[in-house]
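Data first, discussion second: the structure below is written as structure tokens.
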Ligand code: RIB
Ligand code: CA
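Numbering (my numbering), first residue to last: 714 to 1028.
Shown next as structure tokens:
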């Protein structure tokens, strides 16, 4: 199988770091760049953290700085109770050697996709602001990308910020609606599956080779994320962002449904991804004529955890 060439759009973030380093270690993925966005942390911190991750990957993966706030409003709230103020569990970090490139995230995405039509997969694992801006500036990328595989949303379950919204979608619902109403191949890896995949402490100890730079780094930063989840009553952490990477290479372990997705942009349900699973066109409504998306609604949890373990432990 041809190696998927991917750009990860990210707000690192502890589970983002897990996803990015998993993609780096996976033999069948070519990671051609990281584009940063506000979300778990301000975009400057996200870029700093992405440069730390690039160092861990040998300093060859370019980092391009993206959006500091959502399309339609300022943003000054960050979930430091989930990822820590520095986004890596408030663990101490040496300043990175890698520097962000001059080119911004939106132009990086447009240039890379348009130079390799049909080859680049976009993997957004944060708010979708950069992706929406790229579509606004260069709508033709919709026909040039290979596909979009994003972590976010919820098709058949409640949100994780409130009963309606998952965090990435709520952070910029206007951008999310723009992305889902575009006619391109898009797969939502949402809470329907990521809330099923729980890594407990014994698993985290077993799969991260603490005597290696990447394993030791990840085991150090996940502790804060694990402690947060434990404070909510689960004995482990939800595997959000890495699951988008697992889908890329093991789509067969997921159950996918198709339907038009609209994202609520205001009111108490802002950020809700509402997927039309009825098979009816809902003529004359907001779902009428909207291209269908794929959404992962179930997963073989054991296979997912086994694959993550295999890649992380260098098998
Ligand atoms: O809801 C989970 C998502 O929000 C993940 O991408 C996590 O990193 C945060 O960005
Ligand atoms: Ca993220």
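Just so you know, even glycine gets a beta-carbon here, dropped at the ideal spot from N, CA and C.
Item                                                                                                                         : Value
Secondary structure, alpha helix (DSSP H): runs of 4+ residues fully inside the region 928-1008                              : 954-962
For residue 727 and residue 934, believed in contact at Cβ under 8 Å, the rounded distance                                   : 5 Å
Neighbourhood of residue 784 by C-beta distance below 7 Å, restricted to the same chain and skipping five residues each side : 842, 845, 885, 887, 888
Residues of its chain near residue 782, where Cβ-Cβ distance is below 7 Å and the 5 sequence neighbours each way are ignored : 751, 788
Under 9 Å between C-beta atoms of residue 959 and residue 916                                                                : no
Nearest candidate by alpha-carbon position, reference residue 882, set 943, 961, 987                                         : 987
Cross-strand partners of residue 723 (DSSP beta bridge)                                                                      : 749
Contact test: residue 875 Cβ vs ligand 1 heavy atom, cutoff 8 Å                                                              : no
Proximity test, residue 988 beta-carbon vs ligand 1 heavy atom, cut-off 8 Å                                                  : no
Assumed close pair residue 951, residue 908 - CB separation to whole angstroms, cut-off 8 Å                                  : 6 Å
The beta strand (DSSP E) enclosing residue 808, as first and last residue numbers                                            : Where residue 808 is concerned, there is no enclosing beta strand (DSSP E), given that its DSSP letter is neither H nor E.
Proximity test, residue 983 beta-carbon vs ligand 1 heavy atom, cut-off 8 Å                                                  : no
Residue 731 (DSSP reduced to helix, strand or coil)                                                                          : helix
The region 889-898 in contact with the region 1001-1012 per 3-pair CB rule at 8 Å                                            : yes
Beta-bridge partners of residue 901, as assigned by DSSP                                                                     : 863, 1008
Check: residue 753 C-beta below 8 Å from any heavy atom of ligand 2                                                          : yes
Cβ-Cβ distance between residue 720 and residue 746 below 9 Å                                                                 : yes
Residue 798, DSSP secondary structure in three states                                                                        : coil
Euclidean distance between Cα positions of residue 977 and residue 872                                                       : 13 Å
Selection from 875, 849, 892, 850 that minimises the alpha carbon distance to residue 836                                    : 892
Residue 742 beta carbon near ligand 1 (any heavy atom closer than 8 Å)                                                       : no
Pairwise C-alpha distance: residue 828 and residue 718                                                                       : 12 Å
Any non-hydrogen atom of ligand 2 closer than 8 Å to residue 799 Cβ                                                          : no
Cβ neighbours of residue 957 in the same chain (closer than 8 Å, five flanking residues each side left out)                  : 732, 836, 838, 862, 863, 864, 902
Per-residue burial, residue 724 [other beta carbons within 10 Å of its own, 16 or more giving buried]                        : buried
Within 9 Å, strictly: CB atoms of residue 911 and residue 954                                                                : no
Under 9 Å between C-beta atoms of residue 753 and residue 819                                                                : no
Separation of residue 985 from residue 979, as counted between CA atoms                                                      : 10 Å
Host beta strand (DSSP E) of residue 835 (start-end)                                                                         : 833-837
Residue 911 (DSSP reduced to helix, strand or coil)                                                                          : strand
Close beta carbons around residue 1001, own chain, < 7 Å, minus the five adjacent residues each side                         : 994, 995
Counted within 10 angstroms of its Cβ, other Cβ atoms place residue 800 as buried (16 or more) or exposed                    : buried
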